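So the sequence lines, in the order shown, correspond to chains A and B. Each residue of the first sequence is one higher than the one before, counting from 1 in my numbering. Each residue of the second sequence is one higher than the one before, counting from 1001 in my numbering. Backbone N, C-alpha and C fix where the C-beta goes; we use that ideal spot for every residue, glycine too. Remember, it's a predicted structure, so these values are computed and weren't measured experimentally. One structure is given here, and the rest of the page talks about it.
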Amino acid sequence: MSISDQGMEHLKTLARLKLGDEETQALKDDLNKILAYFEQIRDLDTEGVEELARPIDSFNVFREDILEQGLTQQEALALATEAEEGFFKVPRTIDTD
Amino acid sequence: MFEPVIGLEIHLAMKTRTKMFCACPADSFGQDPNVSTCPVCLGLPGSLPTINQEAIEKAIMFSLALNCQVPEFTQFHRKNYFYPDAPKNYQISQYDRPVGEHGYVELPGGRRIDITRCHVEEDAGKLVHPSYADHSLVDLNRAGAPLIEMVTEPDIRDPQEAREFLGRVRAIAQALGVSDANPEEGKMRADVNISVRRAGEPFGTKVEVKNLNSFKSVQRALEYEIKRQSHILEDGGSIQQCTMGWDEGGQKTVLQRLKEGEADYRYFPEPDLPTMRISQKWLKRVREITPELPDAKFERYVALGLREYDAGLIAYDVALSKFFDRSLASYQGKSQHLANWLNGDVTGWLNSQEIKLSASRLEPEHLAALLKLIDSGTISGKTAKDILPELMQGANPDVLIEERSLKQITDSNAIEKMVDGIIAQNPVIVAQIAANPKAVNALLGQVMRESKGKAKPELVRELLAQKLGLEQSA
Ligand SMILES: [Zn+2]
């Protein structure tokens, strides 16, 4: 099983990535290697084996609803590539006007 | 000729102190941007989520109130999507094991709307799009805030019913204290799924209209889509499955994007969070601490002797019913009398000022005191109405009537003097009364005026009848 060109375009759209032909090809090769590995896993007989989503068996581990000090605005924005008036600044996400 | 098929998806901001998976404040309405964040809700590497127990408990309580089945086992999933309002590039939500399933809500006419599911998830941040710019701004205060998402079956028949249903859901959420459920603050948001079909035909292609932030917008958006889709089909066209937004200014739906498939979200069990098991013991405890539901309030009010109409107005408005209960406890009089005042003059005043009961300074005990003053004949109904606006602003009626000597004149000697005076001054009217007994009302009015409204009208009427030799009519 391998990924189609159409599949690559769909993935790029979902991940909101703009990639050149070369980058797309390199990513496609990587993904195909990963898929090949999953093919091997798929060959294993898992009949009667229950799904294991988490490696540990604990449940009902909760936090009480008590406030704790978080980050200041300045600390939060210190990590941003760009900030403006207390907001994170990002490329425009919708078309208006 | 086309009939609509409507389903709703409602998001309720849960009323907890902290966010769903971290200890930041859950509610930062009106705050500066990015003042309620931490490494967890910013999605910083190495941070790990922890489950807010209070939020799970509230979701269980709400699910039970919607007559949902609450399974023994529930868990979180990751929903993957890339958008700047989701700092982790996924949203922690529920998928195969929601907290509640297969419930229903009963509407006033007895119609039942089935609830498919009720699950817990985290909210996204807020995006701002300055109109002049080529960029967008992100506020992550809301990112990670606890939400309940509830989804209905496509059982809703028309836009009006959708609105009624939203009202019922809001009343339940507020009564339980699960959510403030006020759309103005974004604490209740609805997406609608709407298709139309000819009667008896299978479901048509549905369109989703997202992020409707008032009950009125839900109704309008549905009305608009029913018309739009019907016209397309009448003209022989077909409906394209898509996601629309509601343009409040233009009062129309606008295309946002063609629908993403569910597979595109690549759901998988959240590996950073353990599963949850909801024991019978836990369910029992939640049932025990569940406050009285609106339906139960309604029945209680009707049993108290309220007319169904008034009982409905009060029971399904949480603020009003809390006020009513407190006021009635202090009044101890006829519940319908209290309901008349609350649903009549009090509501009228609030509407005229365009404020909510909670924003007024009327005390339940003050309204009770006012009614006691009327019942005892200490003040007239008219005086009560006159001073109500002051009560709405916090005045105590006992103090007011004392200060302004608004007490009714019940001293029959004083009234008799006034009655004698008015009879003497109006020989013409007195002469008319024999032919037209109703003319006595003119005299009654004059006595009332002379007493500045303070004479007890029943007493005046009685005295006039006596003096003029009229038969007392009730
Ligand atoms: Zn946080």
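Output the distance between the C-alpha atoms of residue i and residue j, rounded to the nearest integer angstrom.
i: A1395/B; j: E1402/B; result: 12 Å
i: W1349/B; j: F1268/B; result: 54 Å
i: R63/A; j: E50/A; result: 29 Å
i: A1190/B; j: I1314/B; result: 24 Å
i: I1278/B; j: M1001/B; result: 47 Å
i: E1308/B; j: R1111/B; result: 17 Å
i: L1400/B; j: R1361/B; result: 15 Å
i: E1416/B; j: V1447/B; result: 10 Å
i: I1060/B; j: T1290/B; result: 10 Å
i: Y1083/B; j: T93/A; result: 8 Å
i: V1196/B; j: D1235/B; result: 14 Å
i: W1246/B; j: V1192/B; result: 11 Å
i: L11/A; j: F1021/B; result: 29 Å
i: D1180/B; j: V1419/B; result: 57 Å
i: I951/B; j: L77/A; result: Residue numbering for chain B in the displayed model covers 1001 to 1474; residue 951/B lies beyond these limits and cannot be assessed.
i: L1137/B; j: A83/A; result: 8 Å
i: G1469/B; j: G1453/B; result: 24 Å
i: D97/A; j: V1128/B; result: Residue placement at D97/A cannot be trusted, given a pLDDT of 39 that sits under 50; what the coordinates show is reported in the next sentence. One C-alpha to the other measures close to 15 Å.
i: S1093/B; j: E1390/B; result: 50 Å
i: S1047/B; j: G48/A; result: 35 Å
i: A1173/B; j: G1103/B; result: 15 Å
i: L17/A; j: P1154/B; result: 36 Å
i: F1203/B; j: L1008/B; result: 16 Å
i: A1359/B; j: A1455/B; result: 35 Å
i: L52/A; j: F1073/B; result: 15 Å
i: Q25/A; j: A1124/B; result: 33 Å
i: E1164/B; j: M1014/B; result: 21 Å
Could you check if residue i is buried or exposed, using at least 16 other CB atoms within 10 Å of its CB as the buried criterion?
i: P1098/B; result: buried
i: S4/A; result: exposed
i: H1077/B; result: buried
i: Q1425/B; result: exposed
i: T81/A; result: exposed
i: H1366/B; result: buried
i: D1310/B; result: buried
i: G1144/B; result: buried
i: Y1132/B; result: exposed
i: E1161/B; result: buried
i: Q1075/B; result: buried
i: I1355/B; result: exposed
i: Q1353/B; result: exposed
i: F88/A; result: buried
i: G1381/B; result: exposed
i: D30/A; result: exposed
i: G7/A; result: exposed
i: K1216/B; result: exposed
i: Y1224/B; result: buried
i: A1434/B; result: exposed
i: Q1466/B; result: exposed
i: I1229/B; result: Residue identity differs from the one stated: residue 1229/B is Gln in this sequence, not Ile. So Q1229/B ends up on the buried side.
i: L1371/B; result: buried
i: A1026/B; result: buried
i: R1285/B; result: exposed
i: S1238/B; result: exposed
i: I1226/B; result: buried
Based on DSSP bridge pairs, tell me the residues matched to residue i.
i: P91/A; result: H1135/B
i: M1188/B; result: L1012/B
i: V1196/B; result: P1004/B
i: L1371/B; result: Paired residue(s): none; L1371/B is not in a bridge.
i: H1077/B; result: S1093/B and P1269/B
i: D1252/B; result: It is Lys, not Asp, that sits at residue 1252/B in the sequence shown. Its beta-bridge partners are D1247/B.
i: A83/A; result: F88/A
i: I34/A; result: Per DSSP, none; premise fails for I34/A.
i: L71/A; result: T1037/B
i: F62/A; result: I1051/B
i: T1275/B; result: F59/A
i: Q1069/B; result: E1101/B
i: P1212/B; result: Note that residue 1212/B is Leu in the sequence shown, not Pro. For L1212/B, which the question treats as bridged, DSSP gives the partners A1190/B.
Would you please verify whether the beta carbon of residue i is less than 8 Å from any beta carbon of chain E?
i: F1082/B; result: Looking at the structure shown, chain E is missing, and the protein chains on hand are A and B.
- If you measure from each residue's Cβ to the nearest non-hydrogen atom of ligand 2, which ones come out under 6 Å, in chain order? By its list of ligands, the structure shown excludes ligand 2, since it contains just ligand 1.
- Which whole runs of the beta strand (DSSP E) in the segment 1018 to 1043 of chain B are 3 residues long or more, in chain order? Annotation: the segment 1018 to 1043 of chain B contains no complete segment of the beta strand (DSSP E) (minimum length 3 residues).
- Item | Length at least 3, wholly inside the segment 1089 to 1164 of chain B: the beta strand (DSSP E) runs in chain order | Entirely contained in the segment 1089 to 1164 of chain B, the beta strand (DSSP E) runs reaching 3 residues are, in chain order, 1090 to 1093, 1100 to 1106, 1112 to 1122, 1126 to 1128, 1135 to 1139 and 1146 to 1152.
- Query: Curious, which full-length alpha helix (DSSP H) runs of at least 4 residues does the segment 1315 to 1377 of chain B contain?
  - Reply: Taking only runs of at least 4 residues, the alpha helix (DSSP H) segments lying wholly in the segment 1315 to 1377 of chain B are 1318 to 1331, 1335 to 1341, 1347 to 1353 and 1364 to 1375.
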